[in-house]
Amino acid sequence: MSEEITNKKKVALSARAVDKMKIGTSDKRDIGEYTGLSVTCRKMGLRSFVYRYRSPLDNSLKKITLVN
426 MSEEITNKKK
436 VALSARAVDK
446 MKIGTSDKRD
456 IGEYTGLSVT
466 CRKMGLRSFV
476 YRYRSPLDNS
486 LKKITLVN
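In my numbering, the protein residues as written are 426 to 493.
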């Protein structure tokens, strides 16, 4: 089972992948240009976009959440 997970092809997050998300699917994370971006499909089909990054001022972890 662990071999299946490690052998999965990783691709950059796309608008098509976000549109095809269904309720209860696992989070999708971008491995392309925006590595801190992830998308979750919430109840009632609402999508939540989360962007995590390190602050250049104090090196602390920051998180911005947008709900669509």
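Heads up, the beta-carbon is just placed ideally off N, CA and C, and yes, glycines get one too.
Going by other Cβ atoms of all chains shown within 10 Å of its Cβ, with 16 needed for buried, is residue i buried or exposed?
i	result
Leu491	exposed
Asp444	exposed
Lys447	exposed
Lys468	exposed
Lys453	buried
Counting along the chain, where does the beta strand (DSSP E) carrying residue i start and finish?
i	result
Arg479	472 to 479
Lys488	486 to 492
Cβ of residue i within 8 Å of Cβ of residue j?
i	j	result
Gly461	Ala437	no
Leu471	Arg477	no
Which parts of the segment 434 to 465 are runs of the alpha helix (DSSP H), unbroken and 4 residues or longer, counting only runs that do not cross its ends? 440 to 444
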